[in-house]
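Student:
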Ligand code: NAD
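Residue numbers (my numbering): 1 to 458.
Right, dumping it as structure tokens:
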């Protein structure tokens, strides 16, 4: 028997009481979450620093500010999102009215990854609460200080009979998955995504899988090299490259490859100095296993700059590799670290072909001065998200959905898309009892059939 039987019963009782359907309850939880972030800002930033070597500035920019914005956006729109929306009534079913009526799903499980341990827990939580669900959060054990802080603070601010934090590793997830949830949102690797989906299938529980993969950046000959390099450097080396949507590798027009590498080096030095090991805003690799995996990639190409490391600190410099063997591990695995392979291409068509031959990425980046060419890239390829002439910035827009496609994941959230993920849109029709013409009831005479055909064509 699973150790979560009583917790599940408690959450089910809360959900069945109907309290979470109430808009005031949902708004209160969201406001309390904002209060938690405000009251514990320093401790949260400190936990990120201890877990991942994230500077306070980076922690605020990539985690707290994103979550705060999501709360404000949700509070601003919640009354409108919750409203049943009237849709057209077909002639045959008149008089009457039809509505799309969003309702909460029940108890949802949110399992997070370690690289953005606050954002990846709290952004889905906002959506799940906004939609009126009870929630179990399972933060990643690889960011232990953040996980512990969330487990200690959340019960002080949010309704503990509806929202629970459970800490632990694979064994705890395995146990949790033996229970029946109404939705599971998982963020992490493809390997564990399959485990989650298999377990969910047992109860026919729907899943949202936020996975990763190799996200390419395509740099065309007419791109603004200096700005492109700065934006690539920022998107790649934030969190020491441990970002699911970081540009994984670069496909660059061969005529500008040397210039781009030089500009990347300059951008790296401007952001992190000539010794990034002592830069306040440069992070560390999360654990030894990931560190050793990354070091092994350094021999898969020629180090154009960077490449130095320190195992005791799990420090690996911002690194660019050229002359990369495209069949080597660095081009097969998701890198998830600060190494950027540069691969020359001769045309946009070659870049498109390269992307089409691989799994659909979570993010795709295009850099060019020609919107026509960028549109061509969009139309010829598939990706979870695409951002042109920048990296990562699409995450700041709560009007855009976030999620993968194919092997990079399924389902989406952020803003209204998250509210929809954790809601069931119930079809509701109201009919008047009068009039009640007999043409729809058997026996279907020739005359009745003619009327029905005419009415259904209206
Ligand atoms: P992780 O090791 O933190 O694992 C994620 C969760 O799975 C954790 O909560 C962990 O406890 C659980 N878990 C681990 N092994 C398990 C097992 N055998 N059975 C059940 N549960 C288990 O994170 P990770 O998997 O290293 O995450 C990195 C991957 O996540 C990368 O591929 C990255 O691209 C992806 N990612 C995606 C997003 C996104 O939003 N799409 C965000 C961040 C990371």
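Cβ coordinates follow ideal geometry from the N, Cα and C atoms, glycine included.
When you measure from the CB of residue 334 to every non-hydrogen atom of the ligand NAD, does any distance come out below 8 angstroms?
Tutor: For the purposes of this step, residue 334 is identified with residue 334 of the chain shown, where counting begins at 1. Yes, since a heavy atom of the ligand NAD falls inside the 8 angstroms radius drawn around the Cβ of residue 334.
Student: Could you tell me the alpha carbon to alpha carbon distance between residue 214 and residue 337, rounded to whole angstroms?
Tutor: By one-based count along the chain shown, residue 214 stands at place 214. By one-based count along the chain shown, residue 337 stands at place 337. Cα-Cα distance, rounded: 12 angstroms.
Student: Using the beta-carbon count (16 or more within 10 Å), is residue 408 buried or exposed?
Tutor: For the purposes of this step, residue 408 is taken as the residue at position 408 of the chain shown. By the 10 Å Cβ count, residue 408 comes out buried.
Student: Determine the extent of the alpha helix (DSSP H) in which residue 17 is found, giving its start and end residues.
Tutor: In the chain shown, counting from the first residue as 1, residue 17 sits at position 17. Its alpha helix (DSSP H) spans residues 5-17.
Student: At which residue ranges does the segment 212-243 contain complete beta strand (DSSP E) runs of 3 or more residues, listed in the order of the chain?
Tutor: 216-219, all fully within the segment 212-243.
Student: Which word fits residue 210, buried or exposed, when buried means at least 16 other C-beta atoms lie within 10 angstroms of its C-beta?
Tutor: Against the chain shown, residue 210 aligns to sequence position 210. Classification for residue 210: buried.
Student: Between which residues of its own chain and residue 314 is the CB-CB distance below 6 angstroms, once the five residues before and five after are set aside?
Tutor: Counting from 1 along the chain shown, the entry for residue 314 is found at position 314. Cβ neighbours of residue 314 beyond the five flanking positions: 284, 285 and 291.
Student: Skipping 5 residues on each side, what residues in its chain have a beta carbon closer than 8 angstroms to that of residue 130?
Tutor: Taking the first residue of the chain shown as position 1, residue 130 is located at position 130. Cβ neighbours of residue 130 beyond the five flanking positions: 26, 30, 74, 78, 81, 418, 419 and 422.
Student: Could you tell me whether the Cβ atoms of residue 342 and residue 304 are closer together than 9 angstroms?
Tutor: Within the chain shown, the letter at position 342 stands for residue 342. Within the chain shown, the letter at position 304 stands for residue 304. Against a cut-off of 9 angstroms, the Cβ pair of residue 304 and residue 342 comes out as a contact.
Student: In angstroms with no decimal places, state the Cα-to-Cα distance between residue 91 and residue 442.
Tutor: Looking up residue 91 in the chain shown gives position 91. Looking up residue 442 in the chain shown gives position 442. In a straight line, the C-alpha of residue 91 is about 20 angstroms away from that of residue 442.
Student: Would you decide whether residue 155 is buried or exposed? Buried here means 16 or more other CB atoms lie within 10 Å of its CB.
Tutor: Working through the chain shown from its first residue, we reach residue 155 at position 155. The residue is exposed, with fewer than 16 neighbouring Cβ atoms inside 10 Å.
Student: Where residue 462 and residue 452 are concerned, what is the direct C-alpha to C-alpha distance, given to the nearest angstrom?
Tutor: Residue coverage of the chain in this structure runs from 1 to 458, which leaves residue 462 outside it and unanswerable.
Student: Given residue 402, which residues of its chain have a CB within under 7 angstroms of its CB, disregarding the five upstream and five downstream residues?
Tutor: Along the chain shown, one-based indexing puts residue 402 at 402. Excluding sequence neighbours, residue 402 sits near 385, 395, 412, 413 and 414.
Student: Tell me residue 281's beta-bridge partners as DSSP assigns them.
Tutor: Residue mapping note: residue 281 aligns to position 281 of the chain shown, counting from 1. Answer is none; residue 281 lacks a bridge partner.
Student: Following a CB-centred definition, is residue 138 positioned closer than 8 angstroms to any heavy atom of the ligand NAD?
Tutor: The count along the chain shown starts at 1 and reaches residue 138 at position 138. Yes, Cβ of residue 138 sits closer than 8 angstroms to a heavy atom of the ligand NAD.
Student: For residue 116, verify whether its CB is less than 8 angstroms away from any heavy atom of the ligand NAD.
Tutor: For the purposes of this step, residue 116 is taken as residue 116 along the chain shown, with counting starting at 1. Residue 116 Cβ: within cutoff of the ligand NAD.
Student: Thinking just about the alpha-carbon of each residue, which of 274, 321 and 216 is nearest to the one in residue 295?
Tutor: The count along the chain shown starts at 1 and reaches residue 295 at position 295. The option with the nearest alpha carbon to residue 295 is 321.
Student: Quick one: is the Cβ of residue 392 within less than 8 angstroms of any heavy atom of the ligand NAD?
Tutor: Within the chain shown, residue 392 is the residue found at index 392, counting from 1. Residue 392: no, Cβ never under 8 angstroms from the ligand NAD.
Student: Evaluate contact between the segment 103-113 and the segment 182-201, counting only Cβ atoms and requiring at least three cross-stretch pairs below 8 angstroms.
Tutor: Counting Cβ pairs under 8 angstroms, three or more are found: they touch.
Student: With a 10 Å radius around its C-beta and 16 neighbouring C-beta atoms as the bar for buried, classify residue 44 as buried or exposed.
Tutor: One-based indexing of the chain shown puts residue 44 at position 44. Buried is the call here.
Student: Alpha helix (DSSP H) containing residue 448: first to last residue?
Tutor: Here the question's residue 448 lines up with position 448 in the chain shown. 446-456 is the extent of the alpha helix (DSSP H) around residue 448.
Student: Nearer than 8 angstroms: is that true of the beta carbon of residue 240 relative to any heavy atom of the ligand ATP?
Tutor: Within the structure as shown, the ligand ATP is missing, the only ligands being the ligand NAD.
Student: Considering only the alpha carbon of each residue, which of 84, 144, 158 and 263 lies closest to residue 20?
Tutor: Numbered from 1 along the chain shown, position 20 holds the residue referred to as residue 20. Ranking the options by Cα distance to residue 20, first place goes to 158.
Student: Who are the Cβ neighbours of residue 233 in its own chain at under 8 angstroms, not counting the five residues just before and after it?
Tutor: Position 233 of the chain shown, counting from 1, holds the residue named residue 233. So the list reads 264, 267, 268, 271 and 318, once near-sequence residues are dropped.
Student: Give me, in chain order, the residues of the same chain whose beta-carbon lies closer than 6 angstroms to that of residue 335; leave out the 5 immediate sequence neighbours on both sides.
Tutor: Reading the chain shown from its first residue, position 335 is the one you call residue 335. Once the five neighbours on either side are set aside, the close Cβ partners of residue 335 are 248.
Student: For a test of the three-state rule: what should DSSP assign to residue 408, helix, strand or coil?
Tutor: Counting from one through the chain shown, the residue named residue 408 turns up at place 408. Looking at residue 408 - three-state DSSP - the assignment turns out to be helix.
Student: Thinking C-beta only, is residue 262 closer than 9 angstroms to residue 149?
Tutor: Locating residue 149 in the chain shown gives position 149, counting from the first residue. Locating residue 262 in the chain shown gives position 262, counting from the first residue. The answer is no: Cβ separation not under 9 angstroms.
Student: Around the Cβ of residue 275, are there at least 16 other Cβ atoms within 10 angstroms (buried) or fewer (exposed)?
Tutor: As a position in the chain shown, residue 275 is number 275, starting the count at 1. Classification of residue 275: exposed, given that the 10 Å Cβ count is below 16.
Student: Rounded to whole angstroms, how far is the Cβ of residue 223 from the Cβ of residue 6, which I believe are closer than 8 angstroms?
Tutor: Translated into the one-based positions of the chain shown, residue 223 becomes position 223. Translated into the one-based positions of the chain shown, residue 6 becomes position 6. 58 angstroms between Cβ atoms; not a contact.
Student: Which runs of the beta strand (DSSP E), 3 residues or longer, sit entirely within the segment 33-108?
Tutor: DSSP runs (the beta strand (DSSP E)) wholly in the segment 33-108: 85-87 and 96-104.
Student: Measure the CB-CB distance between residue 136 and residue 67 and report whether it falls below 9 angstroms.
Tutor: Position 136 of the chain shown, counted from the start, is the residue given in the question as residue 136. Position 67 of the chain shown, counted from the start, is the residue given in the question as residue 67. Not closer than 9 angstroms, so no.
Student: Would you say the beta carbon of residue 244 is closer than 8 angstroms to some non-hydrogen atom of the ligand NAD?
Tutor: Counting from one through the chain shown, the residue named residue 244 turns up at place 244. Yes.
Student: Taking the beta strand (DSSP E) that residue 187 belongs to, which residues open and close that run?
Tutor: Stepping through the chain shown from its first residue, residue 187 is reached at position 187. Looking at the DSSP string, the run of the beta strand (DSSP E) that includes residue 187 is 183-187.
Student: Excluding the five sequence neighbours on either side, which residues of its own chain have a C-beta within less than 7 angstroms of the C-beta of residue 426, listed in chain order?
Tutor: For the purposes of this step, residue 426 is identified with residue 426 of the chain shown, where counting begins at 1. Cβ within range, chain order: 101 and 103.
Student: Can you tell me the Cβ-Cβ gap for residue 365 and residue 391, rounded? I've got them flagged as a contact below 8 angstroms.
Tutor: Within the chain shown, the letter at position 365 stands for residue 365. Within the chain shown, the letter at position 391 stands for residue 391. Contact holds; Cβ gap of about 6 angstroms.
Student: Tell me the DSSP secondary structure of residue 157 in three-state form.
Tutor: As a first step, residue 157 is located in the chain shown; it is residue number 157 there, counting from the start. In this structure, residue 157 counts as helix in the three-state DSSP scheme.
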